[in-house]
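Data block below; observations after.
This is the structure:
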């Protein structure tokens, strides 16, 4: 068995997405954790940063410069944007990279510059990157050297919308995406707004009209539609650790109704192990996907004639980040798509 | 001072809205709690049902039939719908009634029947009831014998929408109301979906296309618009005790923008002690109104041209129920509108 | 591989411990779920009771009388106490049983009667039952037909205390066990005290001096000590779904200190895959074991001379219930002890 | 009425204790907020730091050097320890000071130095400071210029223990104080351990054997006992904003039982508006005191003969800090002790 395992480096292992990559790879039958980087914590054992992993067999953290790349087949990168592009540019060519940052998601350097307020340092790499929405870019991912995993919100939005837009079942004008997220999506950074006493027993909208996941959603919806689409995307912070919930309000197209949309989604995802429809008549719930790589969808007719209400729920750290990264790694290396991802949701 | 106090009966004091009425009246300078009913708990002291009120001077609970109405000036009714209409019909004429149930909110008996699945037992009372949205029906409330306090969601929605609709600043077609609520809105009833282990660390939509607050919102928006309006109203359950948050997606009318809407709301609520706009550029947050009778509003321009994003936040048990009930009582009896309602929000 | 799998019935699959047994068995390499019972839900698919399991391959729920026992090798029983003993008495002899109820934990029928207020219906079965504290009764479990999994609190307490008592490192007089638990330990039953609005943002002690896990702890500590021991056991409810945390205050014996106790625990659990000490100087934390079968221990010297402070943390639904049940099943059937239990903790 | 109001400066108004002082003073009949300091936020309106206070009539924040002390009668100080002693030393003599920091609680400069790792800069002020446990030092507080409000844990512990120790009802050897606190006690500082994703759905002990509230408790218990007492004090962090819960395990003295202790506590606190016993047979609960200045106590006989289990619950930001500060201010200025503190607990 050991022969058939690949060696994986987790770059930026001290954040929450890095930690969830460790969690998933620790039980992966075809991959072993061969390197862990975290510059601020170089030299420390993983269990000092994340005591929950005291039983995981993994090397201590090191600086990214110290990784022995000869030994590495794949890198899963959990660095913040901007840092990611610089670090990834220096990784040797033979290493295949799954990046969880935002640096290679936007195909257009101009759009990147506009939303991230800086020029891109690795436009060539960007040109070759594949957008890692697993269910929709499987073939390209299989051949890619660099896969840019979608943001958590875009994963939830696009898994729901791409099939419906492609099938012409919804209008692309005035798409309203009301999104709610748990707090782990904000990472482990020390910001006042992430303190328990600010978040618990409370909720609010944030980034109104200005969240960086909007252009990413628009990029992919536009590709699906065949024309440029702009969407409303309004995120809210909800007092829970994990979970993301999107409520999408759309005009039906061509006389379609929710039932047509359910049929469409069923067909598109028939063989997708991680996308499913909620039971008929039920809205999805984040507790039904917590800790798993599952994205759950639903479609309802609105009382407003000609309109529908669509839902998408996932765990932002799994299908919204590290889980999809592992799924993409599985696709890139020809493993079973579910390897290391078979955990059932943890509820309660 | 005692002479100038009124005697208030709280009918249905063992639920959460009844409890919050006790909390507010306990410190009210012009009202004293003269009777408390709770049929399942008759004979027990209040502190047995709600130990937090061990220091409150109040009579033990009794059956509603046992209330000595001669002694009572006002009744605040926290019973469930259906029960409320029957009990209220038997209260002597001299008692002025503030009802927190849904029984007298819908002006049209047919609509009531359609949404509540039963005929109305007290259509005459319904005819004379005043819809108790304090800021918009102050004059009628002052003269009313029976005030029907709006539902929590309708209070949040209408406080935001009525001024904008009346001023012709938003279109009334395709109004999307995405609502999020804490769990106390579901009351103290023993339902599996209200268990901690079902709600904590989780969220989901419910009552999609079928929530009984929709016709109530539509009734009042239609009155404001001068024509029949239908809205999308989609509630979600969020893991917190108190708090309600509405995100409304609307088309601007007549070339208006968010700034026009802020000015309109500022003007309409200039003298309203409990309605305020969030600071410029900030979305409201439920933690900024928790435990208080405040409703906080905001308006943003959408990235989608010609559209706006509107927000409304309140505490569902206070402004969304018992606080507005006390506010209405204050108006009915000519007290200061803020009597008993001057608590600042409790945060963290 | 299929040949080597056993068929497992989960009896009482609609509660939280039953659900967690499903979660763990769904990924178990040597066991398949062959029957699920839940009398109130007979005929319904599992996904109707627990939508998170929509992707699990399992039969619909049936009444316990409908189970085809011929086909079953093992039964994991998640019924409430009292019910469990009656149902288990009727299961055919060839089926090996892992019971998660309290019915077969107390070795003395008199003690059972005293604490549970009823006589025991299956004293013969009780006589043959093995107390399923995996790490301490491995040999007996391997040979048992009926294993009584310890309660969640006793598992945490005994994993910590048995080695120290056996080694004579702590006094058995005046043992103080201050216990804190998440809410899922109370199960899915409809009780007011389990409502979200009663539990969230709050904590309190319960069952002071009267919790049924006290005699269970005392039974096993007495066995370890070789004489009768009585303990203080005071449980508290904490607003979280999963997790149990015990702080034990004890007098050191024979001049021992915390360091001696750590060495003792390290040695006793050297080969135990699911028991570990927290990093030196750190108290355990429930987030470091959440969702896993791990029990984490620690020992500190008290400032009070001659005293120590001991800690034990676990996930009440896993090591405290279903996980230990699966671990016991593994031991009974000669599987790897970690089969189906290799999930890393889910944090955040 | 205005004539009879005093002018209060809140020093350090941008933390949580400062904010709760604002909340309480905003509705105080005899005090007005005349100055607010917060050096990092000087020049900003209060509502920018705490948007919940948008409706409060208060001056903008200024630097402490900018306060016009001539105008000020009292200062409530919410600064961190060390900073507090330096700032307070510079406040003019005519201003009476209620300090919520730890700087003036320990009567012995040596003990301060040992636990806080620095020498004390204002030993003279320390000599004149009164320990502000309102119910036990009322007379001295009334005359004091500088009152040192007890820590939150010591308030809960001492309110429970001082009467019992003075009455000789419990032994002072081997007192075990297992304490649990919500997160707001850690203040608004940016530390990883205070992030929502670290705290929610989790709990753990901290500061084992080394928490700075231990010497404070010991100082006052020793005074009550008339001899030097050392205690076990073990705090735990629980996922809630507000609330503190102490479970104390003690040996009864002189044949006393829990009933004697309840009678003692009833008598001592007969006229204390903010201390009460829980209903007979019930443990206190933090939700029954949340947001209020109430401390709730209880006493139970242990199953271990000759031992008792005692409980104390309060809101750490109110009775544990700002509420007791306002209570002390009331005593110092001859106001009603309950002025500004009559809010009932907020639950749910």
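Chains as they are written, first to last, in the numbering used here: chain A, 11 to 358; chain B, 11 to 358; chain C, 11 to 358; chain D, 11 to 358.
Backbone N, C-alpha and C fix where the C-beta goes; we use that ideal spot for every residue, glycine too.
Could you give the first and the last residue of the continuous alpha helix (DSSP H) run that contains residue i?
| i | result |
| --- | --- |
| residue 232 (chain C) | 223–235 |
| residue 93 (chain B) | 93–99 |
| residue 116 (chain A) | Premise fails: residue 116 (chain A) is in no alpha helix (DSSP H) and is neither H nor E. |
| residue 276 (chain B) | 268–278 |
| residue 296 (chain C) | Taken as a continuous stretch (DSSP letters only), residue 296 (chain C) belongs to no alpha helix (DSSP H), as it is neither H nor E. |
Using DSSP's beta-bridge definition, name the partner residues of residue i.
| i | result |
| --- | --- |
| residue 311 (chain D) | D:318 |
| residue 247 (chain D) | D:191 and D:214 |
| residue 286 (chain C) | C:306 |
| residue 255 (chain B) | B:190 and B:323 |
| residue 81 (chain B) | Paired residue(s): none; residue 81 (chain B) is not in a bridge. |
Measuring CB to CB, does residue i end up less than 8 angstroms from residue j?
| i | j | result |
| --- | --- | --- |
| residue 6 (chain A) | residue 309 (chain A) | It is not possible to answer for residue 6 (chain A), since the shown part of chain A is limited to 11 through 358. |
| residue 212 (chain C) | residue 289 (chain A) | no |
| residue 99 (chain B) | residue 132 (chain B) | yes |
| residue 278 (chain A) | residue 303 (chain A) | no |
| residue 282 (chain D) | residue 145 (chain D) | yes |
| residue 54 (chain C) | residue 71 (chain C) | yes |
| residue 248 (chain B) | residue 97 (chain A) | no |
| residue 89 (chain A) | residue 20 (chain A) | no |
| residue 105 (chain A) | residue 83 (chain A) | yes |
| residue 326 (chain C) | residue 162 (chain C) | yes |
| residue 343 (chain D) | residue 101 (chain D) | no |
| residue 312 (chain A) | residue 219 (chain B) | yes |
| residue 355 (chain A) | residue 291 (chain A) | no |
| residue 256 (chain A) | residue 187 (chain A) | yes |
| residue 227 (chain A) | residue 168 (chain A) | yes |
| residue 73 (chain C) | residue 107 (chain C) | no |
| residue 18 (chain C) | residue 50 (chain C) | no |
| residue 207 (chain A) | residue 194 (chain D) | yes |
Please list the terminal residues of the continuous beta strand (DSSP E) segment that includes residue i.
| i | result |
| --- | --- |
| residue 168 (chain C) | Per DSSP, residue 168 (chain C) belongs to no beta strand (DSSP E); it is in the alpha helix (DSSP H), 162–176. |
| residue 109 (chain B) | 106–109 |
| residue 42 (chain A) | 41–47 |
| residue 21 (chain D) | 16–21 |
| residue 156 (chain A) | 156–158 |
Going by C-alpha to C-alpha distance, which of the options sits closest to residue i?
| i | options | result |
| --- | --- | --- |
| residue 174 (chain A) | A:120, A:113 and A:258 | A:258 |
| residue 236 (chain C) | C:182, C:102 and C:276 | C:182 |
| residue 240 (chain B) | B:229, B:247, B:249 and B:248 | B:229 |
| residue 202 (chain A) | D:335, D:69, D:334 and D:25 | D:25 |
| residue 197 (chain C) | C:75, C:252, C:115 and C:291 | C:252 |
| residue 216 (chain A) | A:108, A:147, A:244 and A:148 | A:244 |
| residue 153 (chain C) | C:338, C:346, C:348 and C:349 | C:338 |
| residue 299 (chain C) | C:273, C:254, C:265 and C:109 | C:254 |
Contact defined as beta carbons within less than 8 angstroms: I believe residue i pairs with residue j. What is the distance between those atoms, to the nearest angstrom?
| i | j | result |
| --- | --- | --- |
| residue 324 (chain D) | residue 165 (chain D) | 6 angstroms |
| residue 306 (chain A) | residue 280 (chain A) | Contact flag wrong, Cβ pair sits at about 15 angstroms. |
| residue 113 (chain B) | residue 94 (chain B) | 4 angstroms |
| residue 115 (chain A) | residue 158 (chain A) | 5 angstroms |
| residue 68 (chain D) | residue 43 (chain D) | 5 angstroms |
| residue 295 (chain A) | residue 214 (chain B) | 4 angstroms |
| residue 260 (chain D) | residue 180 (chain D) | 4 angstroms |
| residue 353 (chain D) | residue 62 (chain B) | That belief does not hold up - the Cβ atoms of residue 353 (chain D) and residue 62 (chain B) are roughly 11 angstroms apart, past 8 angstroms. |
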